[in-house]
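Novice:
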Amino acid sequence: MRLYKTRSGLVVQHENQFYRAPTDDWDYLVNEDNLHEYLAQSIATASPSDECRTWVETGLMAPIGQQEVWAAGVTYLRSRDARMEESRKSGGDNFYDRVYDAERPELFFKSTALRVVGPGGSVRIRRDSSWNVPEPELTLMITTSGKIVGYTCGNDMSSRSIEGENPLYLPQAKTYDGAAALGPCLYIPAAPIDPETTIGLVIRRGGAVAFEGQIQINQMKRQHTELVSFVYRECSFPHGCFLMTGTGLVPPDDFTLLPGDVVQITIAGIGTLENPVAE
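In this note's numbering, the protein residues as written are 5 to 283.
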């Protein structure tokens, strides 16, 4: 089951049918601990709507309301290796090696909804950064009580030249206008997502493929519930929270995004999030 936020209202997709959601209050709806059951009951006696299908096809928005977006780092071995290499000259490589095996994960605040773009929106690279990459990440939707109720595609844009210069520059490398993208929907399964689910990344430049890769989420070092438990230890989220769970897809060190590139992130069961890089 999928939940879409559109310019005309909220839409539930079940199989290949589209239904009007029981409410257009996004923050109320996604904060429901039994979201799958609630939506299933709401469409059980409803009629499919071609109008709702059109809303999805023509008016998608980022699937976020007043939720904060947080992110986890160094949760895949490839990410650890990349972070170590980019920070070696500054002497910060040891920090990434240690956090990969530490009890406490790397977690950071990523974005408010204001800085998040949706499907088709332009992500940005910082003008003061010379090395920039997308980071395709399975993103969790977590309720106020700490329950994972849904999943979406996330792009945690990263300024590697800034983070590599000094690990203390992480907030500047990660948090700026257009540095996060979510979508195309909130995937709401009856059970936790299959650990063999694949994340795919394609970066196109001038119509040609500049980078392509894929990885299964079972390559993550940490469990989703483990990451959630640390985020919620001393933080409260009255509208719930999104958590990007880290990336295992890292382009080679000689690659950097350019204006006009198109980033496509595909996660099985969720769909494809596509964003151009702002000119």
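Every residue gets a Cβ at the ideal spot worked out from N, C-alpha and C, and that includes glycine.
A quick note: this is a predicted structure, and the numbers were derived from the prediction, not measured.
So which of Asp-54, Asp-31, Glu-41 has the shortest CA-CA distance to Arg-24?
Specialist: Closest by alpha carbon: Asp-54.
Novice: So, helix, strand or coil for Ser-53, using DSSP?
Specialist: In this structure, DSSP gives Ser-53 a state outside helix and strand, which the three-state scheme calls coil.
Novice: In the DSSP output, what is Asp-31 paired with across the bridge?
Specialist: Bridge partners of Asp-31: none, in fact.
Novice: Does the Cβ-Cβ distance between Val-254 and Ser-133 come in under 8 Å?
Specialist: no
Novice: Determine, using beta carbons only, whether Val-281 and Val-120 come nearer to each other than 8 Å.
Specialist: no
Novice: In whole angstroms, give me the CA-to-CA distance for Tyr-180 and Gly-204.
Specialist: 24 Å
Novice: Touch check for the region 65-85 and the region 175-191: three-plus C-beta pairs under 8 Å?
Specialist: yes
Novice: Given Gln-220, which residues of its chain have a CB within under 6 Å of its CB, disregarding the five upstream and five downstream residues?
Specialist: Glu-200, Thr-202
Novice: How is the beta strand (DSSP E) around Gly-77 delimited, first residue to last?
Specialist: That run of the beta strand (DSSP E) goes 72-77.
Novice: Does Gln-268 come out as helix, strand or coil in the three-state DSSP assignment?
Specialist: Looking at Gln-268 - three-state DSSP - the assignment turns out to be strand.
Novice: To the nearest angstrom, how far is the alpha carbon of Ile-286 from that of Ala-214?
Specialist: The structure shown does not extend to residue 286, since the chain is modelled only from 5 to 283, so the question has no answer here.
Novice: Are Leu-231 and Thr-249 touching if we call contact CB-CB under 8 Å?
Specialist: yes
Novice: Decide if the region 25-41 is in contact with the region 147-165; the criterion is three or more beta carbon pairs, one per stretch, under 8 Å apart.
Specialist: yes
Novice: For a quick check, are the C-beta atoms of Thr-260 and Val-137 less than 8 Å apart?
Specialist: A contact, by the Cβ cut-off of 8 Å.
Novice: Which stretch, first to last residue, makes up the beta strand (DSSP E) that contains Pro-280?
Specialist: 275-280
Novice: Closest to Pro-109 by C-alpha separation, out of Glu-19, Thr-229, Glu-283, would be which residue?
Specialist: Nearest Cα to Pro-109 within the set Glu-19, Thr-229, Glu-283: Thr-229.
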